[in-house]
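Down below is the structure, laid out as structure tokens.
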Amino acid sequence: MNIKGKLVEIFDTVQVTETFKKREFIIEDNKNPEYPEYIKV
6 MNIKGKLVEI FDTVQVTETF KKREFIIEDN KNPEYPEYIK V
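Sequential numbering of the sequence shown, starting at 6, is according to my numbering.
What follows is the structure, encoded as structure tokens:
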């Protein structure tokens with residue numbers, strides 16, 4: 006899956022387990038400029 010949009014916010018890296026880290030971020034998808042959609046990935 007590919008998503009194109011504007012990067013709105015980057016969250017801190019979270020240590021989930023000893024060997025796994027994750028970082029979440031929010032993308033503004035503006036396919037419909039009147040109603041932008043914010044997607045947390």
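Cβ coordinates follow ideal geometry from the N, Cα and C atoms, glycine included.
Note to self: Just to confirm my understanding: we take K13, look at its own chain, exclude 5 residues before and 5 after, and list those with CB closer than 6 Å. What are they?
What the structure shows: The question names Lys, but residue 13 in the sequence shown is Val. Correct list, in chain order: I31 and E33.
Checklist line | CA nearest to the CA of K27, picked from N7, V46 and M6 | finding: Restricting attention to N7, V46 and M6, the CA atom closest to the CA of K27 is found in V46.
Check: Is the stretch 18-26 close to the stretch 38-45, with three or more CB pairs under 8 Å?
Finding: No contact exists between the stretch 18-26 and the stretch 38-45.
Note to self: Starting from E33, trace the beta strand (DSSP E) in both directions and tell me its first and last residue.
What the structure shows: Residues F30 to D34.
Check: Going by beta carbon distance, what residues of the same chain come within less than 8 Å of G10, once the five residues before and after it are set aside?
Finding: Counting only Cβ-Cβ distances below 8 Å, and skipping sequence neighbours, we find I32, E33, D34, N35 and I44.
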